[in-house]
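Here's the structure, in structure tokens; my notes come after.
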Amino acid sequence: MKNATILLIDDSESDQIIVRRAIEDGKVRCNLIIANNGREGLDILIGSGNTSDQSMPDLVLLDINMPVMDGHETLKHIRSDDKYKHMPVVMLTTSSREQDIIESYRLGVNAYITKPVIIESFVAAICQLEEFWFDLVRLPNA
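Structure below.
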């Protein structure tokens, strides 16, 4: 099996470090690509779909509250493009607001996870997420 590729779109440097650490500690071999906002994430996504030297992400982890382009707007763009609409997107955010949860699912997110505040719990959540998407779930070879 090839290494999985995860695109993390999150402006929090500390959360980026935690996700990187969790992926390094995880059971699944993953490449992590980081974008600091939705616009940068879409640029990476579009670039990976147009070139052969960078593979398309197998999973997108997306924060809601970011500068330039927030997670909901980014998700709208992903779901509006036939090339990317099948791609699994998990909202990984600090927001536990019911309105954000409803809006995320309305826009087509595959799962919504509120970031745990305890670092060890955050790392464990990422490891479980990784195992779920890459060991248990069957994804298309798109």
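Numbered according to the numbering used here, the sequence shown spans residues 341 to 482. Where a beta carbon is used, it is the ideal one built from N, C-alpha and C, also for glycine.
- Separation of the CB atoms of CYS467 and ALA362 is rounded to 5 Å, and the pair is thereby assigned contact status at 8 Å.
- For TYR452, the enclosing beta strand (DSSP E) stretches over residues 451–454.
- With contacts defined by Cβ atoms closer than 7 Å, ILE349 and GLY381 form a contacting pair.
- For TYR452 and ASP422, the gap between their C-alpha atoms comes out near 22 Å.
- Within the model, the alpha-carbon separation for GLN439 versus TYR445 is close to 10 Å.
- Between VAL429 and ASN405, the CB-CB gap reaches or exceeds 7 Å.
- Assignment of VAL429 by DSSP, reduced to helix, strand and coil, places it in the strand class.
- Looking only at GLN356, GLU364, SER354 and ASP355, the smallest Cα-Cα distance to GLU471 is reached by GLU364.
- Of the residues assessed, LEU476 falls on the exposed side of the cut-off, its CB having fewer than 16 other CB atoms within 10 angstroms.
- Around the beta-carbon of PRO397, 16 or more other beta-carbon atoms lie within 10 Å, marking it buried.
- Rounded to the nearest angstrom, the Cβ distance from GLY378 to MET409 is 3 Å, consistent with a contact under 8 Å.
- Exclusion of the five residues before and after SER435 leaves ILE404 as the residues of its chain whose Cβ lies within less than 6 Å of its Cβ.
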